[in-house]
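Whatever position you read off the sequence shown (first residue = 1), add 411 for my numbering.
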Amino acid sequence: MHAREIKKGIEAVCCVHWERRLFDSLIPLPDGTSYNAYLVRGENATALIDTADPVLSADLMGPLQGVEKLDYVVSQHSEQDHAGLLPDVLERFPSAKLLCSEKARDMLTSHLHIAEERIRVVKDGESISLGGKTLTFVYTPWVHWPETMCTYVPEDKCLFSCDFFGSHLASSDLFVTDQALVYEAAKRYYAEIMMPFRTIIAKNIEKLSAFDFDMIAPSHGPVYDQPNFILEAYKDWISPKMKNEVVLPYISMHGSTEIMVKHLIDALAARGVTVHAFDLAVTDIGKLAMALVDAATLIVGTPTVHVGSHPAVYYASHLANLLKPKVKYAAIVGSYGWSSKAIEQISGLIPNLKVEVLGAVLQKGLPDAAAFKQLDELATAVAAKHQENPEVTTK
Ligand code: FEO
Numbered sequence: 412m413h414a415r416e417i418k419k420g421i422e423a424v425c426c427v428h429w430e431r432r433l434f435d436s437l438i439p440l441p442d443g444t445s446y447n448a449y450l451v452r453g454e455n456a457t458a459l460i461d462t463a464d465p466v467l468s469a470d471l472m473g474p475l476q477g478v479e480k481l482d483y484v485v486s487q488h489s490e491q492d493h494a495g496l497l498p499d500v501l502e503r504f505p506s507a508k509l510l511c512s513e514k515a516r517d518m519l520t521s522h523l524h525i526a527e528e529r530i531r532v533v534k535d536g537e538s539i540s541l542g543g544k545t546l547t548f549v550y551t552p553w554v555h556w557p558e559t560m561c562t563y564v565p566e567d568k569c570l571f572s573c574d575f576f577g578s579h580l581a582s583s584d585l586f587v588t589d590q591a592l593v594y595e596a597a598k599r600y601y602a603e604i605m606m607p608f609r610t611i612i613a614k615n616i617e618k619l620s621a622f623d624f625d626m627i628a629p630s631h632g633p634v635y636d637q638p639n640f641i642l643e644a645y646k647d648w649i650s651p652k653m654k655n656e657v658v659l660p661y662i663s664m665h666g667s668t669e670i671m672v673k674h675l676i677d678a679l680a681a682r683g684v685t686v687h688a689f690d691l692a693v694t695d696i697g698k699l700a701m702a703l704v705d706a707a708t709l710i711v712g713t714p715t716v717h718v719g720s721h722p723a724v725y726y727a728s729h730l731a732n733l734l735k736p737k738v739k740y741a742a743i744v745g746s747y748g749w750s751s752k753a754i755e756q757i758s759g760l761i762p763n764l765k766v767e768v769l770g771a772v773l774q775k776g777l778p779d780a781a782a783f784k785q786l787d788e789l790a791t792a793v794a795a796k797h798q799e800n801p802e803v804t805t806k
């Protein structure tokens, strides 16, 4: 794709990865993704902000063929989808200096074998003039690595944010044209990448509020020419407020756990609680992560395999623990053949979740009237906890 102007003298080189369906061999990408680099042309110097994934080398290096001289390359984040083409860019522009944060220096030399003498560390708040355009570097750690920073161009009120505020979305549109579509992609991205760091994200958003910008140019997905849209979304996702919702990942082998889960969904719905249920045999794990952004309660439904929880449940529980959602309550339901240690096992898998356990309903074989009564009682307990917690919005 050709370089396209987002502000006078600032061009986006959007390397669109239409066909990519998995990131980090882990994260589903139903809508592909993009890696955006930005050319900032001053009167005296030109800078490139970030690069792209090496898989799309031609998409970045092609548009750069027309650039006579590059004075600076800014690396806002050392992960390979943005830094992977730094060696190629530095080879193509041998006099360019690589600018990065203090923590990024070691990462770029060890991950990409970049020569130390090509690197110049910039301090938090430091500015470099390109002539009529200034690059001001703002350290924003842990979005989502420790070395991450943003770049602000005051003359154009433009903030470059790399992963921060990004969305995994392949699009031919330069700017956001469909807010609902981008909201979904950005929320998925936040859930999978950013959610564990929401406390420090709040501090970073507060820090960025000191800068007057009317555009956010991320390195994934379309550019925000109405940045309030994504800022407000982030503020909602990181707030302590939760929704009157249960996330219920489950799997069933011979149907008993499924019967219990379906009964519980019905019982919760009857008590005004919204349930997001995910059959782990077929679910998109990204959808599960997104549901965890807002929910107040996590309930795991598992059958028993060799006395333990089903491996798919083990995986989902481990993932939920890594993502550190703001859930406050948890429970376990399921069925077993002759014996089960699923409760102890799942409890041990989620130490990061500071939850109050509201109960466990484990049934030997097919659920009976007593099991259904226990599930009804669990639903009552969940609804009551949601009602009494001021941070849960029940309307
Ligand atoms: Fe888009 Fe953390 O890399």
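Every residue gets a Cβ at the ideal spot worked out from N, C-alpha and C, and that includes glycine.
Note that the structure is a prediction, hence the values are computed from the model and not measured.
Item, Value
"Starting from ARG432, trace the beta strand (DSSP E) both ways and give me its first and last residue.", "Segment: none, ARG432 is in no beta strand (DSSP E) and carries neither H nor E."
"Where in the region 521–561 do unbroken runs of the beta strand (DSSP E), each at least 3 residues long, occur, reported from the N-terminal end onward?", "530–532, 538–540, 545–550"
"Just how far apart, CA to CA, sit GLY776 and PRO801?", "38 Å"
"Mind listing, in chain order, the continuous beta strand (DSSP E) runs of no fewer than 3 residues lying wholly within the region 740–797?", "740–747, 767–775"
"Keeping to the same chain, check which residues put their C-beta closer than 8 Å to that of LEU773; ignore five residues upstream and five downstream.", "ILE743, VAL744, GLY745, SER746, TYR747, SER751, ALA753, ILE754"
"Grab me the residues of ILE757's own chain with a C-beta within less than 6 Å of its C-beta, minus the 5 sequence neighbours each way, in chain order.", "VAL711, SER720, SER728, ILE743"
"Excluding five sequence neighbours on each side, which residues of the same chain lie with their C-beta closer than 6 Å to the C-beta of ARG374?", "Outside the displayed range of the chain (412 to 806) lies residue 374, so it cannot be described from this structure."
"So, are the CB atoms of ASP695 and PRO505 less than 8 Å apart?", "no"
"Thinking SER572 and TYR446 are a contact (beta carbons under 8 Å), I'd like their distance in whole angstroms, please.", "Rounded, the Cβ-Cβ distance is 14 Å, inconsistent with contact."
"Just how far apart, CA to CA, sit ILE893 and ILE612?", "With the chain running from 412 to 806 in the structure shown, residue 893 is simply not present."
"Consider the C-beta atom of ALA648 and the heavy atoms of the ligand FEO; say whether any pair is separated by less than 7 Å.", "Rather than Ala, the amino acid found at residue 648 in this sequence is Trp. No."
"Based on Cα-Cα distance, which residue from VAL427, ARG452, LEU437 lies nearest to LYS419?", "ARG452"
"Taking the C-alpha atoms as reference points, what is the distance between ALA781 and ILE670?", "14 Å"
"Tell me which residues share the same chain as ASP461 and place their Cβ nearer than 8 Å to its Cβ, disregarding the 5 neighbours each side in the sequence.", "TYR446, ASN447, ALA448, TYR449, VAL485, SER486, GLN487, HIS488, HIS493, ALA494, PHE571, CYS573, SER630"
"List the DSSP bridge partners of PRO629.", "CYS573"
"How is ILE616 classed by DSSP in three states: helix, strand or coil?", "helix"
"Quick check: is any heavy atom of the ligand FEO less than 7 Å from the C-beta of SER630?", "yes"
"Identify whether LYS514 lies in helix, strand or coil by the three-state DSSP scheme.", "helix"
"Could you check what DSSP says for SER445 in three-state terms: helix, strand or coil?", "strand"
"Along the chain, where does the alpha helix (DSSP H) that runs through ASN639 open and close?", "639–649"
"Sort MET472, MET560, THR457, VAL803 by Cα distance to ALA463 and report the nearest one.", "MET472"
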